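Count along the sequence shown from 1, then add 58; that gives the number in my numbering. Here is the structure we will look at, set down as structure tokens.
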Amino acid sequence: MDDEQRMTADMQKWTLKSIESVPAKGQTVAIEVADGQSVTSWFHPSSQASAPVLFEVHGGGFVLGDARKEDALCEWIRDSFDVNVVGVNYRLAPEHSFPVQLNDVVETVKYYVCHAAEYGIDPGSVYFMGYSAGAALSVGAALKLAGEPGLGMRGLLLHYPFLDASRDPASAPSREIDLPIEMMRSFNAWYAAEANPAQPLLSPVYADEEMLARFPRTIMYPVEGDFLFQDATTFAEHLSHA
């Protein structure tokens with residue numbers, strides 16, 4: 059195990075320990091995914107009999123993070139707007155690489171849509187909210203689920219979206235608050251593994267106009283001075299052209 063892997067393993071353990079010290083308020087729902095494994099989600103129900111659903115996808119470079127770290131945010135969204143909110147977990151790199159993370163998100167969405175009546179969900183009003191890597195997974199899931207029978211995607215909220223795994227992190231100025239360049243390179247390499255990092259489902263900035271023609275309304279919140287700002291700018295231009 060190299061230095062980046064050892065550091066990452068320590069960060070994963072610390073993150074999990076911190077998260078597990080505070081019980082999640084959402085209902086725990088385990089979902090069996092395509093390869094026979096299971097992923098956990100946390101469901102925050104609306105008071106309505108049939109309400110829109112927002113799938114919240116956490117960030118962490120596809121390597122770190124857990125849906126429970128946004129548990130309080132999911133509760134606030136549910137309470138403020140009286141909608142259903144699902145905190146989506148997915149398996150992490152380097153143990154798992156593309157397309158495992160994306161498939162976990164897609165299978166989670168399909169599960170709730172298939173059980174819409176049970177959870178009080180309006181399957182015609184599906185929204186995504188993602189942060190960084192979670193934004194990439196939200197866009198990838200929206201692309202994969204386009205045209206899915208009985209599912210109506212209505213919008214995406216993307217916070218500082220990571221949309222291009224093929225771009226070298228050293229190609230933009232780094233800041234003191236950023237992860238080390240080598241670690242960011244490792245995160246990208248672990249996620250992409252043997253896949254082409256420039257394919258649209260992995261790096262949505264490469265989605266063509268045909269793929270984006272029926273894309274739902276998208277709102278992005280990039281951060282000026284951040285390495286990811288260019289990704290959001292480029293993707294916004296592509297959406298505008300489409």
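Using N, Cα and C, we set each Cβ at its ideal position, and we do this for glycine too. The structure displayed is predicted, hence computed values, not measured ones.
Counted within 10 angstroms of its Cβ, other Cβ atoms place residue i as buried (16 or more) or exposed
i: R233; result: exposed
i: I277; result: exposed
i: W248; result: buried
i: Q159; result: buried
i: N254; result: exposed
i: T86; result: exposed
i: H116; result: buried
i: R225; result: buried
i: A88; result: exposed
i: D222; result: buried
i: C172; result: exposed
Three-way DSSP call (helix, strand, coil) for residue i in this model
i: H299; result: helix
i: L122; result: coil
i: L237; result: coil
i: S96; result: strand
i: Y177; result: helix
i: Y169; result: helix
i: Y218; result: coil
i: E153; result: coil
i: S261; result: coil
i: P255; result: coil
i: F285; result: coil
i: P231; result: coil
i: E133; result: helix
i: R225; result: coil
i: A43; result: There is simply no residue 43 to check, as the chain begins at 59 and stops at 300 in what is shown.
For residue i: DSSP bridge partner residues
i: Q85; result: F101
i: N142; result: V111
i: V184; result: V111, M211
i: Y249; result: DSSP output for Y249 lists no bridge partner at all.
i: R275; result: G213
i: Y148; result: Answer is none; Y148 lacks a bridge partner.
i: E90; result: S96
i: Y189; result: H217
Interface flag, residue i vs chain C, CB-CB below 7 Å
i: D93; result: Here there is only one protein chain, and chain C is not present.
* Is there contact here, the segment 261-281 with the segment 236-243, by at least three beta-carbon pairs under 8 Å? -> no
* Asked: Is there contact between the segment 240-249 and the segment 160-180, where contact requires at least three CB pairs shorter than 8 Å?
  -> no
* Asked: Can you find at least 3 beta carbon pairs, one from the segment 189-199 and one from the segment 212-230, that sit closer than 8 Å?
  -> yes
* Decide if the segment 89-103 is in contact with the segment 147-167; the criterion is three or more beta carbon pairs, one per stretch, under 8 Å apart. => yes
* Asked: Any contact of the segment 123-130 with the segment 194-210, i.e. 3+ C-beta pairs under 8 Å?
  -> Remark: fewer than three beta-carbon pairs, one from each stretch, lie closer than 8 Å, so the segment 123-130 and the segment 194-210 are not flagged as touching.
* Asked: So, do the segment 251-269 and the segment 283-295 have three or more beta carbon pairs nearer to each other than 8 Å?
  -> yes
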